[in-house]
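Accompanying notes for the structure given below.
Numbering (full-length UniProt numbering), first residue to last: 1 to 204.
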């Protein structure tokens with residue numbers, strides 16, 4: 001059976017920032033400055049790493065690929081000349097195909113915490129408990145921050161569908177927090193502590 005990764009398409013512009021640009025241009029033509037403002041105001045910059053330089057680079061790549069096209073040049077005496085870009089039919093098709101793939105197909109990713117877990121056995125159990133307890137405190141604080149920000153946005157009239165990525169992040173963090181709490185209890189198990197000292201105690 002083919003793996004998920006084997007059926008993923010190679011994109012002409014594979015940066016996730018490109019997908020965000022295509023999606024925002026569904027609302028209408030914009031210049032990169034406006035796109036950056038929208039990304040920041042919607043807090044999508046929390047999920048997509050970028051800076052102004054990388055945004056302009058992605059816009060150029062999308063234009064070269066034929067997914068967006070220059071529509072007009074805005075001249076303002078108080079600001080530099082700005083090029084307005086519009087979504088092309090090819091860009092609309094690419095956006096829908098790419099987004100559909102990401103929604104429907106799970107991807108195997110390699111978070112740093114997974115690397116740490118694969119090597120966790122070499123740390124003393126008491127130290128591991130201390131570190132995991134600190135992590136869980138940080139997770140709890142982050143979950144509260146996300147929930148609070150989402151509740152405030154809803155109170156201001158923002159539709160829930162525009163906050164779904166925040167709900168997803170909170171759900172993932174809550175699941176991780178539950179896992180970490182279980183792992184802490186496992187690390188405190190006297191049988192595990194005894195076996196660790198038998199295997200690693202003399203080498204630590």
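Glycine included, every Cβ here is placed at the ideal spot set by N, Cα and C.
Whole-number beta carbon distance between residue j and residue i, since they are thought to touch under 8 Å
{"i": "residue 150", "j": "residue 139", "result": "Their Cβ separation, rounded to whole angstroms, is 16 Å, which puts residue 150 and residue 139 out of contact at 8 Å."}
{"i": "residue 18", "j": "residue 58", "result": "5 Å"}
Span of the alpha helix (DSSP H) around residue i
{"i": "residue 168", "result": "164-188"}
{"i": "residue 160", "result": "No alpha helix (DSSP H) contains residue 160, which DSSP labels as neither H nor E."}
{"i": "residue 91", "result": "89-104"}
{"i": "residue 26", "result": "That residue, residue 26, is in no alpha helix (DSSP H); it is neither H nor E in DSSP."}
{"i": "residue 57", "result": "52-65"}
{"i": "residue 114", "result": "112-118"}
{"i": "residue 32", "result": "32-41"}
For residue i, the nearest candidate out of the options (CA to CA)
{"i": "residue 184", "options": "158, 197, 121", "result": "121"}
{"i": "residue 173", "options": "38, 145, 23", "result": "145"}
{"i": "residue 88", "options": "105, 74, 64", "result": "64"}
{"i": "residue 196", "options": "157, 186, 124, 103", "result": "124"}
{"i": "residue 84", "options": "70, 90, 134, 91", "result": "70"}
{"i": "residue 56", "options": "31, 179, 73", "result": "31"}
{"i": "residue 126", "options": "169, 97, 199, 190", "result": "190"}
{"i": "residue 182", "options": "58, 133, 46", "result": "133"}
{"i": "residue 21", "options": "50, 10, 9", "result": "50"}
{"i": "residue 12", "options": "48, 36, 93", "result": "93"}
{"i": "residue 9", "options": "135, 156, 97", "result": "97"}
Cβ-heavy atom distance, residue i to the ligand HEM, below 8 Å
{"i": "residue 140", "result": "Among the components of this structure there are no ligands whatsoever, and the ligand HEM is therefore not found."}
8 Å Cβ shell around residue i - same chain, five flanking residues per side excluded
{"i": "residue 23", "result": "95, 99"}
{"i": "residue 194", "result": "none"}
Chain C within 9 Å of residue i, Cβ atoms only
{"i": "residue 163", "result": "Included in the structure is just one protein chain, with no chain C present."}
Beta-carbon contacts of residue i that lie in its chain and below 7 Å, excluding the five residues immediately before and after
{"i": "residue 38", "result": "24"}
{"i": "residue 207", "result": "As shown, the chain starts at 1 and ends at 204. That puts residue 207 outside it, with no answer to give."}
{"i": "residue 169", "result": "146"}
Contacts around residue i, its chain only, beta-carbon distance under 6 Å, and the 5 residues preceding and following it disregarded
{"i": "residue 29", "result": "71, 84, 86"}
- Query: Would you call the stretch 41-60 and the stretch 106-117 touching, i.e. three or more CB-CB distances under 8 Å?
  - Reply: As far as the Cβ criterion goes, the stretch 41-60 does not touch the stretch 106-117, which means the pair count is below three.
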